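Inspection log for the structure reproduced underneath, given as structure tokens.
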Amino acid sequence: MNTIKKSNLIKYALPLVMTVSLFYACGSDDNNDNGDTDAPAVTNYDITPILSKFEGTGLTYSVNGNTVTFITKDLPNHKSPYWDTSNALYEAYNGTNPDWRQNPGSIGEQNITFSIPLNPAEASNKAETPMGAIGISRNGVVFFNQYAAGGASLTNEINSFDQYLGHPANTQYHYHIKPKFLTDTYGEDAFLGLLSDGFPVYGSSENSTTITNTDLDDFHGHVGVTTDFPNGIYHYHITSEAPYLNGNGFYGTAGTVTR
Ligand SMILES: [Zn+2]
Ligand SMILES: [Zn+2]
């Protein structure tokens, strides 16, 4: 019964909210009278369209009201030298980094729960990202921020990234930079996952051009149209230079991560 009521509420209330926010956006444009002919910014974001892209080993999600909850075992669905050698996905390092060195960690099953806003919104006070998990990629592997332990730069840590550019901290596998298995599979411009504030993360290509840090704001994102969000949405990009995935914090209000 509850579910039915909620879906009815969404069905009828959302168009109303949309209409109201469009009305206000038009009104403020008129006041500015700056000749800007851009469509009014849509800020009532809803990330429902990309939830079906999440698919991984030991990954589930469910929607409850305005929250989507992901539970992930954080197991990559690709090969790595960090799997136990008895695992079918074990593969010795065959990447391109001449300074590669394996770290002492290994891939182990986790139990991590993300509660993420289904309707992400810009935060008035932007919070710094924590150490550890700051988001979830579409295969269930967690995203870490741009720092190594203690806030140090990633420069040395990068040498232990495997051929798909992830590595474990003890047994917790994660990506700090481009998850190469996902861009190999889905494309350099593809949807790659979410940060904990609910805003989507894309690869370094957009409309056949390469996105660099100078195209992005302090939080490493911008507002624009994506394939999944034809009306536009704030989104992050993973670029090839530090800080790679996130800059000075979350653009929106982060949900919770528990493990
Ligand atoms: Zn790391
Ligand atoms: Zn973009």
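In terms of the numbering used here, the sequence shown opens at residue 3 and continues consecutively.
C-beta atoms are modelled at their ideal positions from N, C-alpha and C, and glycine is treated no differently.
Note that the structure is a prediction, hence the values are computed from the model and not measured.
* To do: Check whether the Cβ of G226 lies closer than 7 Å to any heavy atom of ligand 2, and answer yes or no.
  => The residue labelled residue 226 in the question sits at position 224 within the sequence shown. Under cutoff, so the answer is yes.
* Pull up the CB-CB distance for Y84 and G107, whole angstroms please, since I reckon it's below 8 Å. => Looking up residue 84 in the sequence shown gives position 82. Looking up residue 107 in the sequence shown gives position 105. With 8 Å as the limit, Y84 and G107 qualify as a contact, their Cβ atoms being about 6 Å apart.
* Asked: Is any heavy atom in ligand 1 found nearer than 7 Å to the beta carbon of H178?
  -> Taking the sequence shown and counting its residues from 1, one reaches residue 178 at position 176. Yes, Cβ of H178 sits closer than 7 Å to a heavy atom of ligand 1.
* C-beta contact flag for P122 and G249 at 8 Å -> Here residue 122 is taken as the residue at index 120 of the sequence shown, counted from 1. Here residue 249 is taken as the residue at index 247 of the sequence shown, counted from 1. No, these two residues do not count as a Cβ contact at 8 Å.
* Three CB pairs or more closer than 8 Å across the segment 109–118 and the segment 70–78 -> These segments touch.
* With a cut-off of 8 Å on the beta carbons, I'd call G168 and V143 a contact; round off their distance for me. => The residue given as residue 168 occupies position 166 in the sequence shown. The residue given as residue 143 occupies position 141 in the sequence shown. That pair is a contact at about 6 Å.
* Asked: If we ignore side chains and look at the alpha-carbon of each, how far apart do I160 and R140 end up?
  -> By 1-based counting over the sequence shown, the position of residue 160 is 158. By 1-based counting over the sequence shown, the position of residue 140 is 138. I160 and R140: Cα-Cα distance of roughly 22 Å.
* Give a single yes or no on whether A154 has its beta carbon closer than 7 Å to a heavy atom of ligand 1. => Taking the first residue of the sequence shown as 1, we reach residue 154 at position 152. No, ligand 1 has no heavy atom inside 7 Å of this Cβ.
* **For E93, three-class secondary structure by DSSP** => Numbered from 1 along the sequence shown, position 91 holds the residue referred to as residue 93. Correct three-state label for E93: coil.
* To do: Apply the 10 Å Cβ neighbour rule to T131 and answer buried if 16 or more other Cβ atoms are within range, or exposed otherwise.
  => Residue numbering aside, residue 131 sits at position 129 when the sequence shown is read from its first letter. Burial is judged here by how many other beta carbons sit within 10 angstroms of a residue's own beta carbon; T131 has at least 16 and is buried.
* Touching by the beta-carbon criterion (3+ pairs, under 8 Å), the segment 93–104 and the segment 48–66 -> Cβ pair count under 8 Å is below three, so no.
* To do: Could you check how far apart the C-beta atoms of Q174 and Y95 are, in whole angstroms? I think they sit under 8 Å.
  => As a working mapping, residue 174 is identified with position 172 in the sequence shown. As a working mapping, residue 95 is identified with position 93 in the sequence shown. Not really, about 19 Å apart at Cβ, beyond 8 Å.
* Closest residue to D86 among P170, T185, G189 (Cα-Cα distance) -> Reading the sequence shown from its first residue, position 84 is the one you call residue 86. Nearest C-alpha to D86: P170.
* Asked: Out of curiosity, what's the CA-to-CA distance linking K128 and D219?
  -> The sequence position of residue 128 within the sequence shown is 126, counting from 1. The sequence position of residue 219 within the sequence shown is 217, counting from 1. A straight line joining the alpha-carbon of K128 with that of D219 spans about 13 Å.
* Starting from L77, follow the alpha helix (DSSP H) in both directions and report where the run begins and ends. => Residue numbering aside, residue 77 sits at position 75 when the sequence shown is read from its first letter. Bounds of any alpha helix (DSSP H) do not take in L77; it lies within the beta strand (DSSP E) bounded by 69–77.
* Look up I52 in the DSSP assignment and say whether it is helix, strand or coil. => By one-based count along the sequence shown, residue 52 stands at place 50. Per DSSP, reduced to three states, the secondary structure at I52 is helical.
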